[in-house]
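There are 2 protein chains.
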Amino acid sequence: MSSPRLTADARRQQILDVAIDEFGRSGYFGTSMNDIAEAAGVTKPVLYQHFDSKADLYRALLDEVGTRLLETIAKATTDAADGRERTERGFAAYFGWVADHHLEFTLLFGGSARQEGEFAAQIRRINEAAATAIAGLIDVDLDPAHRETIAHGLVGLAEGASRRLVGAGESFDPDEIARVVSQLAWAGLRAVDRERR
Amino acid sequence: MSSPRLTADARRQQILDVAIDEFGRSGYFGTSMNDIAEAAGVTKPVLYQHFDSKADLYRALLDEVGTRLLETIAKATTDAADGRERTERGFAAYFGWVADHHLEFTLLFGGSARQEGEFAAQIRRINEAAATAIAGLIDVDLDPAHRETIAHGLVGLAEGASRRLVGAGESFDPDEIARVVSQLAWAGLRAVDRERR
DNA sequence: CTCATGAGTTACCGAAGGGTAACCGATCGT
DNA sequence: ACGATCGGTTACCCTTCGGTAACTCATGAG
Numbered sequence: 001m002s003s004p005r006l007t008a009d010a011r012r013q014q015i016l017d018v019a020i021d022e023f024g025r026s027g028y029f030g031t032s033m034n035d036i037a038e039a040a041g042v043t044k045p046v047l048y049q050h051f052d053s054k055a056d057l058y059r060a061l062l063d064e065v066g067t068r069l070l071e072t073i074a075k076a077t078t079d080a081a082d083g084r085e086r087t088e089r090g091f092a093a094y095f096g097w098v099a100d101h102h103l104e105f106t107l108l109f110g111g112s113a114r115q116e117g118e119f120a121a122q123i124r125r126i127n128e129a130a131a132t133a134i135a136g137l138i139d140v141d142l143d144p145a146h147r148e149t150i151a152h153g154l155v156g157l158a159e160g161a162s163r164r165l166v167g168a169g170e171s172f173d174p175d176e177i178a179r180v181v182s183q184l185a186w187a188g189l190r191a192v193d194r195e196r197r
Numbered sequence: 198m199s200s201p202r203l204t205a206d207a208r209r210q211q212i213l214d215v216a217i218d219e220f221g222r223s224g225y226f227g228t229s230m231n232d233i234a235e236a237a238g239v240t241k242p243v244l245y246q247h248f249d250s251k252a253d254l255y256r257a258l259l260d261e262v263g264t265r266l267l268e269t270i271a272k273a274t275t276d277a278a279d280g281r282e283r284t285e286r287g288f289a290a291y292f293g294w295v296a297d298h299h300l301e302f303t304l305l306f307g308g309s310a311r312q313e314g315e316f317a318a319q320i321r322r323i324n325e326a327a328a329t330a331i332a333g334l335i336d337v338d339l340d341p342a343h344r345e346t347i348a349h350g351l352v353g354l355a356e357g358a359s360r361r362l363v364g365a366g367e368s369f370d371p372d373e374i375a376r377v378v379s380q381l382a383w384a385g386l387r388a389v390d391r392e393r394r
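Sequence lines, in order, name chains C and U. First residue of the first sequence? That's 1 in the working numbering, and the numbers climb one at a time after it. First residue of the second sequence? That's 198 in the working numbering, and the numbers climb one at a time after it.
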């Protein structure tokens with residue numbers, strides 16, 4: 001399985017691609033640099049020509065995948081008419097991404113990264129970005145702390161649903177899920193609003 | 198810091214207590230058996246007199262903590278009048294538990310366990326139990342698959358909110374959070390119901 | 001007093017794995 | 001044709017860490 005020679009850039013990208021697979025399947029600690037090298041059809045030192053360390057490679061991966069996810073959602077929500085539509089499109093983009101990128105989802109939210117302080121911050125950054133966006137849509141009379149908590153809760157709502165969908169293995173219709181979830185979220189928020197005012 | 202001699206049972210329990218701390222703080226792979234032994238004021242072989250392996254110790258921990266969480270929730274919800282009340286009490290019990298057990302929360306949901314297949318199943322078991330309980334409360338006209346997905350979403354809702362609360366470090370009023378969250382969940386579900394029927 | 005019980009220690013093994021030094025050989029510009 | 005470049009390999013080091021064999025020593029029963 002010896003791969004042909006590649007240019008530095010191509011090899012770097014290939015390593016990243018392969019690493020998503022390996023880390024996604026087995027987690028950070030369950031994957032050795034040898035595993036990745038082998039999967040890339042190459043030997044270990046090659047990895048170190050492109051990345052300073054295992055942690056560095058993983059960081060680069062989280063960054064790339066996380067950025068892509070956020071961009072996907074951002075792109076889908078820019079030209080929405082109102083908050084309601086923005087919410088639904090945001091969820092649709094998110095679930096669509098999950099449906100097409102099981103391994104990436106596992107990488108980000110499967111857990112390996114959540115704990116180890118070093119990477120936890122990076123995952124939090126993504127969560128935070130999503131939550132902040134959602135918090136901006138919450139037109140509800142709540143003190144900021146509660147609003148933040150609810151926003152994170154809604155991010156968790158999407159994450160929890162996705163975990164189940166990905167875990168089940170079957171494919172699913174992201175738009176349909178998004179409709180139900182955003183319906184739930186939106187109506188839920190209105191109810192909280194009514195009770196509070 | 199040499200501890201006095203303890204009976205086998207007491208030592209075993211102390212190890213479990215100490216291990217929650219260590220694993221909760223640094224994760225499964227970030228914690229060595231030596232770390233735990235040292236924190237317990239004892240040497241490594243003592244750990245192996247009580248647990249077959251590191252994995253075994255961790256399993257026992259997840260089991261104990263998970264069972265306690267589920268029991269707490271179960272106890273709080275048994276004598277509820279209707280679904281609505283059951284939901285609110287369930288969330289209140291959950292958030293109360295989180296408020297008092299930051300490290301346990303991190304242990305279960307901080308992520309270390311989610312990935313590694315061996316422990317992932319155990320965490321899933323807990324999630325599943327919670328989701329099943331919630332699914333039973335969802336009196337909504339949805340096909341079972343969607344109902345399951347929503348139930349997992351609601352579990353994620355609580356998890357996401359908790360993650361933010363625990364991460365912020367400040368203390369919070371679990372009952373207040375529970376009121377808002379269950380208000381959101383309940384009204385959200387009703388809305389989904391209305392649209393679907 | 002003494003001896004069995006069992007909690008606890010010291011000192012070690014072996015494997016895994018991150019990381020590196022030194023070398024190789026295909027390719028391409030001149 | 002030739003030499004510099006650079007993608008790639010072999011072989012290795014060294015630390016960490018899970019796990020264990022063999023010993024020590026306090027304690028309580030008789």
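Each residue gets a CB set at the ideal place from its N, CA and C atoms; glycine is no exception. Here the structure is a predicted model, which is why all the values come from computation and not from measurement.
Query	Result
CB-CB length for I359 (chain U) against V295 (chain U), believed under 8 Å	Note that residue 359 (chain U) is Ser in the sequence shown, not Ile. Indeed, because the Cβ distance is near 5 Å, the residues count as touching under 8 Å.
Test: E148 (chain C) CB closer than 9 Å to a CB of chain U	yes
Reference T149 (chain C), options U:I347, U:A365, U:L339, closest by Cα	U:A365
Given E268 (chain U) as reference, the closest of U:K241, U:H343, U:G353, U:A327 once Cα atoms are compared	U:A327
Residues within the segment 147-176 of chain C neighbouring chain U, beta-carbon criterion of under 9 Å	E148, T149, I150, A151, H152, G153, L154, V155, G156, L157, A158, E159, G160, A161, S162, R163, R164, L165, G167, A168, E170, F172, E176
Cross-chain neighbours of L62 (chain C) in chain U, by beta carbon under 7 Å	By Cβ distance, chain U contributes nothing, its closest Cβ being about 13 Å from L62 (chain C), past 7 Å.
Buried/exposed call for L69 (chain C), threshold 16 Cβ in 10 Å	buried
Contacts that A185 (chain C) makes with chain U (C-beta to C-beta distance below 7 Å)	G385
Partners in chain U for V65 (chain C), counting only beta-carbon separations shorter than 7 Å	Chain U residues near V65 (chain C): none, gap ~15 Å exceeds 7 Å.
Residue environment, A145 (chain C), which counts as buried when at least 16 other CB atoms sit within 10 Å	exposed
6 Å Cβ shell around T77 (chain C) - same chain, five flanking residues per side excluded	R86, R89, G90
Buried versus exposed call for Q246 (chain U) [16 or more other C-beta atoms within 10 Å across all chains shown]	exposed
7 Å CB neighbourhood of M1 (chain C) in its chain, flanking five on each side removed	Note that M1 (chain C) has pLDDT 46, beneath the 50 cutoff, so the model's placement of it is unreliable and the number below is only indicative. Cβ neighbours of M1 (chain C) beyond the five flanking positions: G41.
CB contact below 9 Å: R59 (chain C) versus chain U	no
Length-filtered (4 minimum) alpha helix (DSSP H) runs lying within the segment 297-341 of chain U	299-306, 309-312, 314-334
Beta-carbon contacts of R394 (chain U) that lie in its chain and below 7 Å, excluding the five residues immediately before and after	D338
Option nearest A355 (chain U) by Cα separation, candidates U:S368, U:Q312, U:N324, U:R208	U:N324
Neighbour list for A326 (chain U) in chain C, Cβ cutoff strictly below 7 Å	Correct list: empty, because the minimum Cβ distance to chain C is about 13 Å.
Beta-carbon spacing of A187 (chain C), A388 (chain U) below 9 Å	yes
The segment 302-321 of chain U: positions lying closer than 9 Å to chain C by Cβ	T303, F306, G307, G308, S309, A310, R311, Q312, E313, G314, A317, I320, R321
Euclidean distance between Cα positions of E373 (chain U) and T264 (chain U)	25 Å
Within chain U, partners of V192 (chain C) - CB distance below 8 Å	V377, Q380, L381, A384
Members of the segment 12-42 of chain C that neighbour chain U once the beta carbon cut-off is set at 7 Å	G27, F29, G30
Straight-line Cα distance separating A234 (chain U) from D100 (chain C)	44 Å
Beta-carbon proximity list for G24 (chain C), same chain, < 6 Å, skipping 5 on both sides	L103, T106, L107
is_contact[L142 (chain C), chain U] using C-beta, thresh 9 Å	yes
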